[in-house]
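A.B. asks:
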Amino acid sequence: MLCSEKYVLVIKLMDGTEFDLVKDSGYKVIAISPEFTTSEVMRVDIPIKIDLNDEDCVISKIHELSNKYNIVAVFTLNEYRVQLGARIREELGIPFGISYEAASNCRNKKRTREILSCKGVNTVKYSIIHSSDEVEETLLKIPLPVVVKPSNDAGSNMVYCCQTKKEVIDAIETIKNCENNSVGQKLDKDIILEEFLTGPEFSVEAYTFGGKTEVLAITAKKVVSPFFPIEEGHTVPSRIKNEESQMITSLVEKAMLALGIDYTVTHTEVKLTPGGPKIIEVNARPGGDKIPVLVNMTKGYNLHKIALDISLGKNIEDACSEVETSGSASIRFFIADSDGVVKLGNTIEVLQSNPDVVYFNMNVEEEDRVSKTTSNYNRLGYFIVKGNNEKYSEDIAEDILNKINITVIQD
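Read left to right, the sequence shown gives residues 7 to 417 (the working numbering).
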């Protein structure tokens, strides 16, 4: 007999923050994940430990659960599991949520490029290659510098900005020699080589419901360098001109339509080139890197709650929190520029003494041995600041960085 209580099926991200959100909304939680901590088990109603990469096994288990429990929504903030969530939703006949096809169009960067190019939405030169033997001919069509990346990874992992033919070949061989991404999914054998886009980078935080896309914020991104695109900071709202904001918003709206995106929150990465905005990629989930915190601090929107409410078919107006908002908010990450030993210096003292620092977290301790930061997954820590009446948050964050003397001593 089907249980009358309503359950939300959650595909866990990392720390299970989704569980509390679902429970606070009045629903019970069925959580699926390959691993759970003891704390996470205590926070959910039904924890299911399962290999998420065996999708057929997952679907079979979910059908078994649906015969007993009233599953009313599928919810995930996990980039790697958006497709799985969409497939589960369609299998169960749940009405609200992104389609499997649209989720695949976003998750697979090759499909994103193909569809946007075919529909004339985003004219970025690209080619699909499989070996270094194709490099010379491809570079005749797409001249250096270029970007080389896998089709289905995330977190800027194995994204290479190449200025020489040798760098292109090395990037291709590195990707080819890696069989799985960080969650054990098979990497697509298709490798993307695309033109290098110049200009500042932004992300667009939006949602689409019933075919209408609403942009909630445009985030300014700071990367280590144009040719080393590890993200080391974000600011909401970005300080761009109104006409630039309108161009970016219009492009994102067209991309959502072209990719078939509906009933989801999206995080779209864009570069504002001399020829206008160009899409880097589209993610069918809220942004990571604490961007939802910055949006909530400045706009009052809870992106995670909006994503949950959409999956439940609810009015998203309830997702605008009543927190006192700041005019601007920024995050800065600490980067290891080499392998070595961390020296924190005055980092903790500076962060603790600054009234504009809202929160900070260090992933390392004094004299920890670290590897060079090569993706968004192995940075050393971060801090979040709010703007004040005299200074924009971005300027405050840079002032703080200039005072901090955290270093990595090479062996």
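For every residue, glycine included, the Cβ atom is placed at its ideal position computed from N, Cα and C.
Quick caveat: nothing in here was measured; it's all calculated off a predicted structure.
Which residue marks the beginning of the beta strand (DSSP E) containing GLU185, and which one marks its end?
C.D. replies: Taken as a continuous stretch (DSSP letters only), GLU185 belongs to no beta strand (DSSP E), as it is neither H nor E.
A.B. asks: Excluding the 5 residues preceding and the 5 following LEU203 in the sequence, name in chain order all residues of the same chain whose CB lies nearer than 6 Å to its CB.
C.D. replies: Closer than 6 Å at the Cβ level, and outside the excluded window around LEU203, lie LYS277, THR279, LYS284.
A.B. asks: Quick check: ILE148 and LEU199, are their CB atoms within less than 8 Å of each other?
C.D. replies: Yes, they are a contact pair.
A.B. asks: Going by alpha carbons, who is nearest to GLU267 out of GLU85, ALA177, GLY103, LYS55?
C.D. replies: Residue identity check: residue 267 is Ile in the sequence provided, not Glu. When only C-alpha atoms are compared, the closest one is GLY103.
A.B. asks: Roughly how many angstroms separate the alpha carbons of ASP196 and VAL154, rounded to a whole number?
C.D. replies: Taking the straight line from one Cα to the other gives about 11 Å.
A.B. asks: From ASP343 to PRO101, what distance separates their C-alpha atoms?
C.D. replies: Each residue's Cα considered, the two are about 47 Å apart.
A.B. asks: What residue from LEU309, THR255, CYS167, MET48 has the CA that sits closest to VAL229's CA?
C.D. replies: The option with the nearest alpha carbon to VAL229 is CYS167.
A.B. asks: Beta carbon of SER336, beta carbon of GLY239: below 8 Å?
C.D. replies: Result yes, Cβ atoms of SER336 and GLY239 sit closer than 8 Å.
A.B. asks: Give the straight-line distance between the Cα atoms of ASN395 and VAL363, rounded to the nearest whole angstrom.
C.D. replies: Rounded to the nearest angstrom, the two C-alpha atoms are 15 Å apart.
A.B. asks: Could you tell me which whole beta strand (DSSP E) segments of length 3 or greater appear in the segment 128–203?
C.D. replies: Listed in chain order, the complete beta strand (DSSP E) runs (minimum 3 residues) inside the segment 128–203 are 132–135, 152–156, 166–168, 197–201.
A.B. asks: Quick one, are the C-beta atoms of ARG385 and ILE341 less than 8 Å apart?
C.D. replies: For ARG385 and ILE341, yes; Cβs fall inside 8 Å.
A.B. asks: Can you tell me whether HIS69 is buried or exposed? The criterion is at least 16 other CB atoms within 10 Å of its CB, across all chains shown.
C.D. replies: Counting Cβ neighbours within 10 Å, HIS69 comes out exposed, since fewer than 16 surround it.
A.B. asks: To the nearest angstrom, how far is the alpha carbon of VAL271 from that of ARG93?
C.D. replies: When rounded, the distance between both Cα atoms is 17 Å.
A.B. asks: I'd like to check one pair, LEU265 with ALA79: are the Cβ atoms closer than 8 Å?
C.D. replies: Contact: no.
A.B. asks: If you draw a straight line from the alpha carbon of HIS136 to that of ILE178, how long is it in whole angstroms?
C.D. replies: When rounded, the distance between both Cα atoms is 8 Å.
A.B. asks: Looking only at DSSP bridge pairs, what is ALA223 linked to?
C.D. replies: ALA223 pairs with GLU211.
A.B. asks: Under the three-state reduction of DSSP, which class applies to LYS397: helix, strand or coil?
C.D. replies: Correct three-state label for LYS397: coil.
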